[in-house]
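In terms of numbering that gives the first Met the number 0, the sequence shown has 31 at position 32, counting the first letter as 1, and numbering is strictly consecutive.
Take a look at the structure set out below.
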Amino acid sequence: MSIRVRLLVSALAALFFVRPLLSHLAYQGGGGDILYFHFLWNAARMTWVEFHQIPLWNPYHCGGMVELANPHSMALSPLFIPALLFGADVGLRVFIISHFVIAFWGMWEWARSRGVPDRWAVAAGVPFAMGGFFAARSAGHISFLAFAWTPWIMLCLERARRSWAYAYLAGVLVALCVYEGSPYGTTFMIVLASMRQKN
């Protein structure tokens, strides 16, 4: 199966799983932490789009708070770009859906790299991406969605034994976890990578 087909299957599976997220694009959530992240995204977007500045500061929170120094800031993530183009409501949904695709496809690729045939490797993506962890985090703790990069980082580290390019790519993915506002995910990835290399 080609890489395009695997990506398409991953995207369709993710879209099917998160289809309720697409029914009301302006709905911000009933409460809890998703409102906090929605607020951070709106403040960062407004700073980028309306004031043409890097969102170093969030003047809309408690008389003023740090934005980029906030460990949950996602304003420099490449996955924040849809929020700049279409607004925070759509941007957050694209961010969430992207992580389901990343998780599903990543676990599928990692299983393939371990010698599992394609028809069975696809099954590895289902419990990883749709087993509940990412769905629960999508309702509030979206900074934990960076854990979707785990199989990709493990795959890069395994391939780094053949080529340094994969080691650099693993480093880029860990850095991306930082830019996705995930201090816990980043720490976990570093610990997991060091344990993996020790074995």
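We put the CB at the ideal spot given by N, CA and C, even for glycine.
DSSP on residue i, reduced to helix/strand/coil?
| i | result |
| --- | --- |
| N57 | strand |
| G37 | In the sequence under discussion, the amino acid at residue 37 is His, which differs from the Gly named in the question. DSSP places H37 in helix when its eight states are reduced to three. |
| E179 | coil |
| L75 | coil |
| V190 | helix |
| H140 | coil |
| A13 | helix |
| E157 | helix |
| G29 | coil |
| L24 | coil |
| G86 | coil |
| M45 | helix |
| P150 | helix |
| P81 | helix |
| P70 | coil |
What does DSSP give as the partner residue(s) for residue i in the beta ladder?
| i | result |
| --- | --- |
| M64 | N57 |
Alpha carbons only, please: which of the options is nearest the one belonging to residue i?
| i | options | result |
| --- | --- | --- |
| F99 | A87, V115, G124 and P77 | G124 |
| Y218 | P70, G29 and A192 | This structure gives no information on residue 218, because the portion of the chain shown stretches from 0 to 198. |
| R113 | A192, S76 and W151 | W151 |
| L75 | L175, T186, M194 and G184 | L175 |
| A169 | I53, W148, L11 and L34 | W148 |
Please decide whether residue i counts as near chain C, where near means a Cβ-Cβ distance under 8 Å.
| i | result |
| --- | --- |
| A43 | Protein chains in the displayed structure number just one, and chain C is not present. |
So residue i and residue j are in contact, right, with Cβ under 8 Å, and what is the actual spacing, rounded?
| i | j | result |
| --- | --- | --- |
| I141 | I101 | That belief does not hold up - the Cβ atoms of I141 and I101 are roughly 13 Å apart, past 8 Å. |
| D117 | M0 | 5 Å |
| A87 | N57 | In fact, because the Cβ distance is near 13 Å, the residues do not count as touching under 8 Å. |
Counting only runs of 4+ residues fully inside the stretch 93 to 145, write out the alpha helix (DSSP H) ranges in chain order. Runs found: 117 to 129 and 132 to 137.
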